[in-house]
Structure formats: C-alpha cells, structure tokens
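S.K.: Residue numbers (our numbering): 277 to 617. We treat Cβ as the ideally placed atom computed from N, Cα and C, and that holds for glycine. Dropping the structure in here first, questions after.
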Amino acid sequence: MLNDRKLMILQAIVRDYIESAEPVGSRSLSKKYDLGISPATIRNEMADLEELGYILQPHTSAGRVPSDKGYRLYVDQLMEIKQTADKNRVKIKTELLRQYNELEQLLQYTSRLLSEFTSYTSIVLAPQVKKSRLKQIKLTRIDDAHLLAIFVTNTGLIQNPVFRVPPNLTGDDLEKIANFLNQKFAGMPLEEIETQLVQTLQTELAQFHSTVHDIMPEMFRALEQMSDISLYLSGTTNIFNFPEFSDLTRAKDFLTLMEEKQVISRMITDPGGGQLKITIGSENQVQRARECSIVSATYQVDDQTLGWLGVIGPTRMDYGHVIDVLDQMSRLMSQALKDKS
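Dropping the structure here:
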C-alpha cells in the first residue's frame, strides 16, 4: 500500500506523461506541480516507486514513465473523470439523435463521433442478433424451393436468412405461420425462440401444416449461421499521431489487429457482465495489443446489454476524458435505441 505522498507523485507522473509523452524527472515535477516537497524528496520517492514497479526508466532518459502497473493504480484510485464541455455535450446529443434513421447510421455515426472526441481509434460493436428481441417476422417465398424470413428486432436489426422449404407450402400457410409466430414470440430474445418451439409449441404448430416441424429448425439454423459480429471502426490512422507508434513494426501490428474483428470483439467485451472495461498494455491477452490500452462500455435497453463501444490507443491514454465521453455516448445510444424499440 503506497502512502499519500507516493500516490501524489505517481498521479503527477502519469498526468504529465499523458500530456507530454516525455519521461518525467523530479526537477520538472517540482517546478510544474505544487507538491510541497523538494526535488530531492521527489527523487527518493520516485526511486521507491520504480523499485515497486509503478514507474520505469527508459534507457535513453534520466526521467521516468509509468508502467502498466502504475497506470492500473492510477485508473483504479487516482484518476479524475474529465467532464466534457457543455457545448460538446450538446453536439454529441443533437448530432447522434439527428443521425438516427436506421441502426447502421447510428452505429457508424457513433463511431465517428467517438473518434472525433477522443482522438483515438473507435470501435462500435453492433447488437448481437441472438440477444435482440423479436419485433416481427415476415415469410416470403422466393421460388419453389426457397423461403426468405425477414426478422425485425427491437434494436432495428433486420436479418434475412434464406432456406429451403417443401414446394407444397402455400402462401396462406406461410401467412398463418408468420402470424402465429408474431403472436407467440414478439418481444422474446431470438436465442430463446427455438427452445420454446421445441419444448412447448409442437402441438400448436402442427395445426398449420405437417411440414412446419421441418421449416422452423431450418429457419433458425440459417439465422444462427449469419454473422453475429459487425464492427464499425473510425480513426484507425489516429494511432500515427502518437510518438509511441512511430516505429513501423508497432504501427503495422496495430493495423493488422484492426482487421481481425473476432479478436477485437473479444477484447472490448466483458464476459463477466461489467458495463465498463479497461484493459491496459500487458493485461491484454492478444500480443499485438500489449502496447495499447482499451476502454469500452456497454449500451443497453431495459437493462439488457445489446453491444459495446470503445476506444483503443496507446497506454499513455487520457483515461478520464475517454471514460466521460464513453459514458455519454453509451447513455445516448441506449436512449435512442429505447425510443425506437
């Protein structure tokens, strides 16, 4: 456990390094911050912090920089959330809500705003298909052998799986089945519908057509096979604005990482169900992300997590500002989706 003086000095080191990207020395800390102690005392405390692993000394400098352990302590105990200026809050709200005609527009614009207000690379993960609640099903025959099922959800997602059907199903059969499904399942998460069909509704479905038992598993199998990961990225090249990524190998690793949506999805989501996730440097399980920090938050409707939005940048990230912007964006997205549901 660090005493108050060590915590004060660590906080000043992290703040200074986030702002300047230059290793921090005891003399500059003494001049820049009113710490109430001499440079010699600061130097001694910095030596202790280094020994404890909270700061590091780069080979080319006499100054110190925070370690991942130091950033973690800063984020958990010392960080102050920076409030975005009122005029920017108004811009975020009006622009976000004005752009929302379709879900894809909302996700794309949220990603752009998030990158604009943080200056980092932004990531928005679209609502997961199976977690969305059914609003309406429409069934349309394409030809003698294929059927189009249009699933409209409470989040605005529209999924259109195509699957094979028996040729003897009539248009009236399809309309009756669709009406029945809408009556029974509207408002239910898609992932629960097939289970309900199998467990409790076989007798009721049989009244429509003997082949309906073949149709329903095929329909939901087709839905499950559709991509459930849709990512929206903005500001990918922002990483080049930071001196840490002037090295071509680091920059190349970062750009390669941004192409791997399955990996990115795992990095920004929290399987433990938390609404805010902060992963710093070496805490990332993905090797190519260990020079980065990732901060992400959920957006929800009726306490149900629909998706995630986040930013990825250097470990020298302005965490307080990022968390404030993410909090605003997630709240506004949640409200916009709730209003449309």
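#1: Would you kindly work out how many angstroms separate the C-alpha atoms of A323 and A402, rounded to a whole number?
#2: Enumerated in chain order, which unbroken segments of the alpha helix (DSSP H) with a length of 4 residues or greater are wholly contained in the segment 530–590?
#3: By DSSP, does R607 sit in helix, in strand, or in coil?
#4: Can you give the Cα-Cα distance for F461 and K414, rounded to whole angstroms?
#5: Do the segment 518–525 and the segment 535–555 meet, that is, are 3 or more Cβ pairs less than 8 Å apart?
#6: Take A421 as the anchor and find which of L445, Q404 and T317 has the nearest alpha-carbon.
#7: Output the distance between the C-alpha atoms of P334 and S343, rounded to the nearest integer angstrom.
#8: Is the distance from the Cβ of I469 to the Cβ of V438 below 8 Å?
#9: By the three-class DSSP mapping on this structure, what secondary structure does R592 have?
#10: Would G346 and I331 qualify as a contact pair, given that the criterion is a beta-carbon distance under 8 Å?
#11: For K411, does the three-state DSSP call read helix, strand or coil?
#12: For A612, tell me which candidate among I318, S510, Q381 and I599 has the shortest Cα-Cα distance.
#13: Quick check on DSSP: helix, strand or coil for I399?
#14: Would you identify the three-state DSSP class for P442, choosing helix, strand or coil?
#15: Y595 to I588, Cα distance in whole Å?
#16: Tell me which residue opens and which closes the beta strand (DSSP E) that S391 is part of.
#17: Start and end of the beta strand (DSSP E) containing L423?
#18: To the nearest angstrom, report how far apart V400 and A527 are at their CA atoms.
#19: According to the Cβ coordinates, are G557 and T397 closer than 8 Å?
#20: So L390 packs on L585, CB below 8 Å; how close in whole Å?
#21: From L423, S314 and T591, pick the residue whose C-alpha is nearest to that of V341; which is it?
#22: Tell me where the alpha helix (DSSP H) around Y347 begins and ends.
#23: Which first and last residues belong to the beta strand (DSSP E) in which Y330 is found?
#24: Suppose you measure from the CA of I313 to the CA of L283; what does that come to, to the nearest Å?
#25: According to the Cβ coordinates, are L602 and R564 closer than 8 Å?
#26: Rounded to whole angstroms, what is the Cα-Cα separation between D579 and I554?
#27: Give me the residue from D310, E298 and S296 with the minimum Cα distance to I285.
#28: Where do the N-terminal and C-terminal ends of the beta strand (DSSP E) with S510 fall, by residue?
#29: Does DSSP put P465 in a helix, in a strand, or in coil?
#30: Return the bridge partner residues of R340 from the DSSP annotation.
#31: When you compare only the Cα positions, how much space is there between M464 and A454?
#32: Taking the beta carbon of L424 as the centre, do at least 16 other beta carbons fall within 10 Å, making it buried, or is it exposed?
#33: Under a Cβ-count criterion, where at least 16 other Cβ atoms within 10 Å of its own Cβ denotes burial, should E327 be classed as buried or exposed?
#34: How about Y508 and L379: do their beta carbons lie closer than 8 Å?
M.R.: Reading it off the structure:
#1: For the purposes of this step, residue 323 is taken as the residue at position 47 of the sequence shown. For the purposes of this step, residue 402 is taken as the residue at position 126 of the sequence shown. Each residue's Cα considered, the two are about 46 Å apart.
#2: Taking 4 residues as the shortest admissible run, the segment 530–590 contains the following complete alpha helix (DSSP H) segments, listed from N- to C-terminal end: 537–544.
#3: As a first step, residue 607 is located in the sequence shown; it is residue number 331 there, counting from the start. DSSP places R607 in helix when its eight states are reduced to three.
#4: If you number the sequence shown from 1, residue 461 lands on position 185. If you number the sequence shown from 1, residue 414 lands on position 138. Cα-Cα distance, rounded: 13 Å.
#5: Taking one beta carbon from each stretch, the segment 518–525 and the segment 535–555 have fewer than 3 pairs nearer than 8 Å; the two do not touch.
#6: Here residue 421 refers to the residue found at position 145 when the sequence shown is read from its first residue. For A421, the closest C-alpha among the options L445, Q404 and T317 is that of L445.
#7: Mapped onto the sequence shown, residue 334 falls at position 58. Mapped onto the sequence shown, residue 343 falls at position 67. Rounded to the nearest whole angstrom, the C-alpha separation of P334 and S343 is 11 Å.
#8: On the sequence shown, position 193 is the one that residue 469 refers to. On the sequence shown, position 162 is the one that residue 438 refers to. In this structure, the beta-carbon distance from I469 to V438 does not fall below 8 Å.
#9: Here residue 592 refers to the residue found at position 316 of the sequence shown. It is coil, neither helix nor strand.
#10: One-based indexing of the sequence shown puts residue 346 at position 70. One-based indexing of the sequence shown puts residue 331 at position 55. Less than 8 Å divides the Cβ of G346 from the Cβ of I331.
#11: Your numbering for residue 411 matches position 135 in the sequence shown. K411 carries a strand assignment under DSSP once its states are collapsed to helix, strand and coil.
#12: Translated into positions along the sequence shown, residue 612 becomes position 336. Checked all of I318, S510, Q381 and I599; the closest Cα to A612 is Q381.
#13: Here residue 399 refers to the residue found at position 123 of the sequence shown. In the structure shown, I399 falls within a strand segment according to DSSP collapsed to helix, strand and coil.
#14: Position 166 of the sequence shown, counted from the start, is the residue given in the question as residue 442. It is coil, neither helix nor strand.
#15: For the purposes of this step, residue 595 is identified with residue 319 of the sequence shown, where counting begins at 1. For the purposes of this step, residue 588 is identified with residue 312 of the sequence shown, where counting begins at 1. For Y595 and I588, the gap between their C-alpha atoms comes out near 11 Å.
#16: To locate residue 391, count along the sequence shown from 1; it is residue 115. Unbroken run through S391 is the alpha helix (DSSP H), L379 to T394; no beta strand (DSSP E).
#17: For this step, residue 423 is matched to residue 147 along the sequence shown. Taken as a continuous stretch (DSSP letters only), the beta strand (DSSP E) holding L423 covers H422 to T429.
#18: In the sequence shown, the residue the question calls residue 400 occupies position 124. In the sequence shown, the residue the question calls residue 527 occupies position 251. For the pair V400 and A527, the Cα-to-Cα distance works out to about 21 Å.
#19: Within the sequence shown, the letter at position 281 stands for residue 557. Within the sequence shown, the letter at position 121 stands for residue 397. Taking 8 Å as the Cβ cut-off, G557 and T397 do not qualify as a contacting pair.
#20: For the purposes of this step, residue 390 is taken as the residue at position 114 of the sequence shown. For the purposes of this step, residue 585 is taken as the residue at position 309 of the sequence shown. Between L585 and L390 the Cβ distance is about 6 Å, and since that is below 8 Å, they are a contact.
#21: For the purposes of this step, residue 341 is taken as residue 65 along the sequence shown, with counting starting at 1. Comparing Cα-Cα distances from V341 to each of L423, S314 and T591, the minimum goes to T591.
#22: On the sequence shown, residue 347 is found 71 positions in, with the first residue counted as 1. According to the DSSP assignment, Y347 belongs to the alpha helix (DSSP H) that extends over D344 to L349.
#23: Here the question's residue 330 lines up with position 54 in the sequence shown. Secondary structure note for Y330: it is in no beta strand (DSSP E), with a DSSP letter that is neither H nor E.
#24: By 1-based counting over the sequence shown, the position of residue 313 is 37. By 1-based counting over the sequence shown, the position of residue 283 is 7. Rounded to the nearest angstrom, the two C-alpha atoms are 14 Å apart.
#25: Against the sequence shown, residue 602 aligns to sequence position 326. Against the sequence shown, residue 564 aligns to sequence position 288. Cβ distance not < 8 Å, so L602 and R564 don't count as in contact.
#26: Residue mapping note: residue 579 aligns to position 303 of the sequence shown, counting from 1. Residue mapping note: residue 554 aligns to position 278 of the sequence shown, counting from 1. Rounded to the nearest angstrom, the gap between the Cα atoms of D579 and I554 is 21 Å.
#27: Taking the sequence shown and counting its residues from 1, one reaches residue 285 at position 9. Check the Cα spacing between I285 and each of D310, E298 and S296: the tightest is with D310.
#28: Sequence index remark: in the sequence shown, residue 510 carries index 234 (1-based). Boundaries of the beta strand (DSSP E) around S510: L507 to S510.
#29: For the purposes of this step, residue 465 is taken as residue 189 along the sequence shown, with counting starting at 1. In this structure, P465 counts as strand in the three-state DSSP scheme.
#30: As a working note, residue 340 is residue 64 in the sequence shown. Answer by DSSP bridge pairing, in chain order: V300.
#31: Sequence index remark: in the sequence shown, residue 464 carries index 188 (1-based). Sequence index remark: in the sequence shown, residue 454 carries index 178 (1-based). Straight-line Cα distance between these residues: approximately 15 Å.
#32: Translated into the one-based positions of the sequence shown, residue 424 becomes position 148. An exposed status is given to L424, since fewer than 16 other beta-carbon atoms sit within 10 Å of its beta-carbon.
#33: Position 51 of the sequence shown, counted from the first residue, corresponds to residue 327. With fewer than 16 other Cβ atoms inside 10 Å of its own Cβ, E327 counts as exposed.
#34: Taking the first residue of the sequence shown as 1, we reach residue 508 at position 232. Taking the first residue of the sequence shown as 1, we reach residue 379 at position 103. Y508 places its beta carbon 8 Å or farther from that of L379.
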